[in-house]
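Colleague:
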Amino acid sequence: MTDFSKNEIIDLLKDDSQNDWLFSLADKVRKENVGEEVHLRGLIEFSNICKCMCKYCGLRCENSYAERYRISPSSIISTAQKACNAGYKTIVLQSGEDKFFSQKIMSEIISEIKKFDTAVTLSIGERSFDDYKAFKDSGADRYLIRIETTDKDLYKKMHPNMSFENRVRCLKDLRTLGYEVGTGCLVGLPEQTIESLASDILFFKEINADMVGIGPFIAHPQTPLKNCKNGDFTLALKVMALTRIMLKNINIPATTAMETLNPDGRLIALQCGANVVMPNVTDLNYCEKYDIYPNKAHLDYDISHSRKVIEDKLKTIGRTIAKDYGFRK
Ligand code: SF4
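Going from the sequence shown to my numbering is simple: count from 1 and add 17.
Here's what the structure looks like:
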């Protein structure tokens, strides 16, 4: 049995007595469908300027304490080049919703980075069909845009001035344009129910997501949710494991937020269904300022050394680094 009904998902999420079985099944499904290799994606967080007000996020425009930065296009390109020279086969370009990075500027950055023999993933938020098309034409391969929650009321509460429908429109446009599409959710948002988490997993399946990132909610002290309880590590792990079991051959990152809640979070996630790690290759001067949630885990080393550190960690659980671009199998 490797597919579950909504009720079965709910029961598994509520009942912790089945956890060992669930995690080892997810690990088995991962092994059978995507193998032992781990894909490393070099993450460049190139701007923390954002026009949105997501209530859980430290980069929301109303947070006047955030120290804002924007990396120049030429520095983004040279960072990508360094990461590719260090062996990365995917560059992930991530930012807040920053209007400076127009269709033209982003397209130029993408085409330059594509010259380094790498896949390019974008994670820059909601844009028009036209923008998505221009980025694809410039060579972008993948796009990450989390739905965050499929509970429409909760979505509305968490995202002032945004709409659930537009989020889904983005996912559909990206699919139409031939991107590999990544989405995901936050686990542990205030007022979130187990039932809605089960719907999130079924939503990933329904849209046939190619990548799904699951992160526990972590309360940021400079947001309206500062007094809320953090999400639960084990519950986030269970949502991730169920996603692996239900979607089988997709790419699932062991998210940094998991490591923030548990020092071995990413290694544990890799043994419960995950097969991707996204090391931060952004210049160290900026890393701490990309403060979506507090105490974000990162390595204080240069690109090549941190890659070696990750490789050694992966060896301890019998896993190796993939040498290909890491598209969905
Ligand atoms: S979650 Fe993304 S879109 Fe929302 S405020 Fe943070 S950076 Fe902006």
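Virtual Cβ for every residue (Gly too), placed ideally from N, Cα, C. Everything numeric in this text was worked out from a predicted model, so none of it was measured.
Where does V229 sit, in a helix, a strand or coil, going by DSSP?
Modeller: The residue given as residue 229 occupies position 212 in the sequence shown. Strand.
Colleague: Using a 10 Å radius around the Cβ and a threshold of 16 neighbouring Cβ atoms, would you call L196 buried or exposed?
Modeller: For the purposes of this step, residue 196 is taken as residue 179 along the sequence shown, with counting starting at 1. It should be noted that the sequence gives Tyr, not Leu, for residue 196. Answer is buried; the Cβ neighbour count reaches 16.
Colleague: Taking I108 as the reference, give the member of V256, E114 and K99 with the closest Cα.
Modeller: Residue numbering aside, residue 108 sits at position 91 when the sequence shown is read from its first letter. Of the listed residues, the one whose Cα sits closest to I108 is K99.
Colleague: Kindly confirm or deny that the segment 314-329 and the segment 122-137 touch, where touching means at least three C-beta pairs closer than 8 Å.
Modeller: Verdict: no, contact absent.
Colleague: By how many angstroms is the C-alpha of T333 removed from the C-alpha of G205?
Modeller: On the sequence shown, position 188 is the one that residue 205 refers to. On the sequence shown, position 316 is the one that residue 333 refers to. Cα to Cα, G205 sits roughly 30 Å from T333.
Colleague: Where does G52 fall in DSSP's three states?
Modeller: Reading the sequence shown from its first residue, position 35 is the one you call residue 52. In the structure shown, G52 sits in coil (DSSP, three-state: anything other than H, G, I, E or B).
Colleague: Between the alpha carbons of L30 and N36, how many angstroms are there, rounded?
Modeller: Sequence index remark: in the sequence shown, residue 30 carries index 13 (1-based). Sequence index remark: in the sequence shown, residue 36 carries index 19 (1-based). C-alpha separation (whole angstroms): 9 Å.
Colleague: Over what stretch of residues does the beta strand (DSSP E) that includes A339 continue unbroken?
Modeller: To locate residue 339, count along the sequence shown from 1; it is residue 322. Note, A339: premise wrong, no beta strand (DSSP E); not H, not E.
Colleague: Tell me, which residues are paired with S89 by DSSP?
Modeller: In the sequence shown, residue 89 corresponds to position 72, counting from 1. According to DSSP, which records beta bridges pairwise, S89 is partnered with nothing at all.
Colleague: Can you check the segment 29-73 for any beta strand (DSSP E) of at least 3 residues that lies completely inside it and give the ranges in chain order?
Modeller: DSSP runs (the beta strand (DSSP E)) wholly in the segment 29-73: 54-57 and 59-64.
Colleague: Look up I108 in the DSSP assignment and give the residues it is bridged to.
Modeller: Start at 1 with the first residue of the sequence shown, and residue 108 comes out as number 91. Its beta-bridge partners are G59 and V137.
Colleague: Just list the residues that DSSP pairs V198 with in beta bridges.
Modeller: The sequence position of residue 198 within the sequence shown is 181, counting from 1. DSSP lists Y160 as partners of V198.
Colleague: From which residue to which residue does the alpha helix (DSSP H) around Q120 run?
Modeller: The sequence position of residue 120 within the sequence shown is 103, counting from 1. Per DSSP, Q120 belongs to the alpha helix (DSSP H) from Q120 to K131.
Colleague: Which residue wins for smallest C-alpha separation from E165, given the options V293, L42, K150 and G142?
Modeller: Counting from 1 along the sequence shown, the entry for residue 165 is found at position 148. Measuring from the Cα of E165, the nearest candidate turns out to be G142.
Colleague: Note down the Cα distance separating D147 from C78, rounded to an integer number of angstroms.
Modeller: In the sequence shown, the residue the question calls residue 147 occupies position 130. In the sequence shown, the residue the question calls residue 78 occupies position 61. In a straight line, the C-alpha of D147 is about 25 Å away from that of C78.
Colleague: Pull up the distance between the alpha-carbon of Y73 and that of L254, whole angstroms please.
Modeller: In the sequence shown, the residue the question calls residue 73 occupies position 56. In the sequence shown, the residue the question calls residue 254 occupies position 237. Looking at the two C-alpha atoms, the distance is approximately 20 Å.
Colleague: The ligand SF4 and L76: does the residue's C-beta get closer than 7 Å to at least one heavy atom of that ligand?
Modeller: On the sequence shown, position 59 is the one that residue 76 refers to. At least one heavy atom of the ligand SF4 is nearer than 7 Å to the Cβ of L76, so yes.
Colleague: Compute the Euclidean distance between the alpha carbons of A258 and S180, then round it to the nearest angstrom.
Modeller: Residue numbering aside, residue 258 sits at position 241 when the sequence shown is read from its first letter. Residue numbering aside, residue 180 sits at position 163 when the sequence shown is read from its first letter. Near 28 Å, if we compare the C-alpha coordinates of S180 and A258.
Colleague: Could you spell out the range, first to last residue, of the alpha helix (DSSP H) harbouring N302?
Modeller: Looking up residue 302 in the sequence shown gives position 285. Here the alpha helix (DSSP H) through N302 covers L301 to C304.
Colleague: So G248 and P238 are in contact, right, with Cβ under 8 Å, and what is the actual spacing, rounded?
Modeller: The residue you call residue 248 lines up with position 231 of the sequence shown. The residue you call residue 238 lines up with position 221 of the sequence shown. About 16 Å separates the two Cβ atoms, so there is no contact after all.
Colleague: Should D7 go down as buried or exposed, given a rule of 16 or more other Cβ atoms within 10 Å for buried?
Modeller: The requested residue 7 is not part of the displayed model; the chain covers only 18 to 346.
Colleague: Do you know offhand how far I26's Cα is from Y303's?
Modeller: Walking along the sequence shown from the start, residue 26 turns up at place 9. Walking along the sequence shown from the start, residue 303 turns up at place 286. Going by the C-alpha atoms only, they are around 40 Å apart.
Colleague: N11 by DSSP, collapsed to three states: which one?
Modeller: With the chain running from 18 to 346 in the structure shown, residue 11 is simply not present.
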